[in-house]
Amino acid sequence: MRASVKAHTNIALIKYWGKRDEQLFLPTNNSLSVTLDKFYTITTVEFDELLQSDQFFLNGKQAESNEMKKVAQFLDRVRTKANRTIYAKVDSENHVPTAAGFASSASGYAALAAASAKAIGLNLNQRELSQLARQGSGSASRSIFGGYVEWNKGIEEDGSDCYAAPILDTDAWDLRVLSVEVTTKAKKVLSRAGMKRTVETSPFFAGWLEAVEEDLITIKQALQERDFTKLGQVVEANALKMHATTLGANPPFMYWQSATVEVMQEVQALRERGIEAYFTIDAGPNVKVVCQPEDEQKIHDALAFLHVVHDIHHCRVGPGITYLTD
Ligand code: FM0
Numbered sequence: 011m012r013a014s015v016k017a018h019t020n021i022a023l024i025k026y027w028g029k030r031d032e033q034l035f036l037p038t039n040n041s042l043s044v045t046l047d048k049f050y051t052i053t054t055v056e057f058d059e060l061l062q063s064d065q066f067f068l069n070g071k072q073a074e075s076n077e078m079k080k081v082a083q084f085l086d087r088v089r090t091k092a093n094r095t096i097y098a099k100v101d102s103e104n105h106v107p108t109a110a111g112f113a114s115s116a117s118g119y120a121a122l123a124a125a126s127a128k129a130i131g132l133n134l135n136q137r138e139l140s141q142l143a144r145q146g147s148g149s150a151s152r153s154i155f156g157g158y159v160e161w162n163k164g165i166e167e168d169g170s171d172c173y174a175a176p177i178l179d180t181d182a183w184d185l186r187v188l189s190v191e192v193t194t195k196a197k198k199v200l201s202r203a204g205m206k207r208t209v210e211t212s213p214f215f216a217g218w219l220e221a222v223e224e225d226l227i228t229i230k231q232a233l234q235e236r237d238f239t240k241l242g243q244v245v246e247a248n249a250l251k252m253h254a255t256t257l258g259a260n261p262p263f264m265y266w267q268s269a270t271v272e273v274m275q276e277v278q279a280l281r282e283r284g285i286e287a288y289f290t291i292d293a294g295p296n297v298k299v300v301c302q303p304e305d306e307q308k309i310h311d312a313l314a315f316l317h318v319v320h321d322i323h324h325c326r327v328g329p330g331i332t333y334l335t336d
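In the working numbering, each number is its position in the sequence shown, counted from 1, plus 10.
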């Protein structure tokens, strides 16, 4: 009754931003991501008749109570599916640079979904695993798969048609993602709270939903044609539109800091010098830069020169989940 799984993080090229059902983690729009090779989580789940409650260790330490609660709620879904009442010990190792929480970690819930399902004896296919991972964190639905992945919002109320599926394999197009960490002091508004506030209060949210449909069409063309300029332009524009919705929320909020804007401007300056780089930003101050292999080093050097840049991690397109034997 034990299983270990490795799952990688992903970065959304077209963002998931807004839920139509918070309990089932059903999104308002499709999103499209690329799985990253560098950042991952390894999770071991062991169900044990002797346990009186679930246990959750993150990087070797007992997890905080709010994270424990979310993991236990997730395991409840797995137990219900398997029709069992047995508790589990969960051990997660996060190989993700910033000490981000577990809840927002796509790799965390993708690994937990696959490991817990296997350990309890559920025989789920990848689509079912994507649906299960989704119910821990929406973006985790995409991390079941490698390469370029689309998460379909679905229309059913029970979420039965809401899962991710691969668009291009891991080896199909060798793009690079530089993960640029900036120095920061501010506390972050968690993506879950941020998207909820935006859906409920931002007058720009309707515009977001309209624009994202167009952006999905464009990026899928760019992926089929391997047209990097087309891809980069829509990736950057889509991120900017997502962030614009937060400025219209009540109360308004923004994820960018001055360091974030400095990196964004440097990326735009690189383009003016003929080096193709495009940025995207999630619910935080750090920036991800998408580029082609031949430009990676030049872009690194320009960004490393900025005082606000703390660290730069180089990622390639990564694989889907793997089951580890121990
Ligand atoms: O990844 O409330 O999955 O598409 O990263 O757990 O379902 O942490 F930029 C924001 C990720 C949102 C875009 O949200 O939310 C993306 C974001 P949950 P997640």
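The beta carbon of each residue, even a glycine, is placed where N, CA and C say it ideally should be. From a predicted model like this one, the values you see are computed outputs, not experimental measurements.
Quick check: is any heavy atom of the ligand ADP less than 8 angstroms from the C-beta of residue i?
| i | result |
| --- | --- |
| residue 117 | This structure does not include the ligand ADP; its bound ligands are the ligand FM0. |
Considering only the beta carbon of each residue, do residue i and residue j sit closer than 9 angstroms?
| i | j | result |
| --- | --- | --- |
| residue 18 | residue 258 | no |
| residue 180 | residue 290 | no |
| residue 206 | residue 293 | no |
| residue 28 | residue 154 | no |
| residue 287 | residue 280 | yes |
| residue 13 | residue 140 | no |
| residue 301 | residue 185 | yes |
| residue 190 | residue 296 | yes |
| residue 217 | residue 256 | no |
| residue 116 | residue 150 | yes |
| residue 158 | residue 68 | no |
| residue 51 | residue 106 | yes |
| residue 221 | residue 251 | yes |
| residue 236 | residue 22 | no |
| residue 271 | residue 319 | no |
Quick one: does the C-beta of residue i sit closer than 8 angstroms to a heavy atom of the ligand FM0?
| i | result |
| --- | --- |
| residue 238 | no |
| residue 274 | no |
| residue 338 | One cannot answer for residue 338 here, as it falls past the ends of the chain, which runs 11 to 336. |
| residue 212 | no |
| residue 70 | no |
| residue 35 | yes |
| residue 154 | no |
| residue 101 | no |
| residue 21 | yes |
| residue 14 | no |
| residue 198 | no |
| residue 17 | no |
| residue 29 | yes |
| residue 292 | yes |
| residue 247 | no |
| residue 340 | What is shown of the chain runs 11 to 336, which leaves residue 340 out entirely. |
| residue 252 | yes |
| residue 202 | yes |
| residue 259 | no |
Candidates the options: which alpha carbon is nearest residue i's?
| i | options | result |
| --- | --- | --- |
| residue 245 | 13, 15 and 26 | 26 |
| residue 163 | 225, 201, 31 and 277 | 31 |
| residue 131 | 55, 192, 66 and 146 | 55 |
| residue 242 | 165, 319 and 226 | 226 |
| residue 102 | 75, 123 and 70 | 70 |
| residue 43 | 298, 127, 92 and 129 | 298 |
| residue 314 | 303, 168, 334 and 193 | 193 |
| residue 210 | 253, 228 and 260 | 260 |
| residue 89 | 11, 208, 169 and 309 | 11 |
| residue 326 | 309, 224, 303 and 161 | 303 |
| residue 201 | 307, 47 and 253 | 253 |
| residue 145 | 235, 276, 323 and 122 | 122 |
| residue 15 | 100, 273, 39 and 230 | 100 |
| residue 284 | 40, 333 and 308 | 308 |
| residue 263 | 39, 204, 333 and 48 | 204 |
| residue 20 | 160, 306, 333 and 183 | 160 |
| residue 324 | 333, 316 and 311 | 311 |
| residue 41 | 124, 173 and 215 | 173 |
| residue 85 | 129, 74 and 104 | 129 |
| residue 48 | 156, 64, 133 and 23 | 156 |
| residue 305 | 277, 316 and 320 | 277 |
| residue 92 | 118, 63 and 134 | 134 |
| residue 238 | 183, 272, 212 and 249 | 183 |
| residue 223 | 248, 214, 167 and 165 | 248 |
| residue 208 | 265, 230 and 64 | 265 |
| residue 66 | 118, 138 and 321 | 118 |
Give, in chain order, every unbroken run of the alpha helix (DSSP H) that is at least 4 residues long and sits entirely within the region 287-331. 306-314
Unbroken stretches of the beta strand (DSSP E), 3 residues or longer, contained in the region 23-104: 29-31, 41-57 and 65-68
Those runs of the beta strand (DSSP E) which lie wholly inside the region 105-161 and span at least 3 residues: 158-161
Tell me whether the region 26-45 and the region 72-81 touch, counting them as touching only if at least three CB pairs, one residue from each stretch, are closer than 8 angstroms. no
Give a yes or no on contact between the region 96-106 and the region 49-69, applying the rule of three or more CB pairs nearer than 8 angstroms. yes
Could you name each continuous alpha helix (DSSP H) segment of 4 residues or more that falls completely within the region 193-232, going from the start of the chain to the end? 201-211
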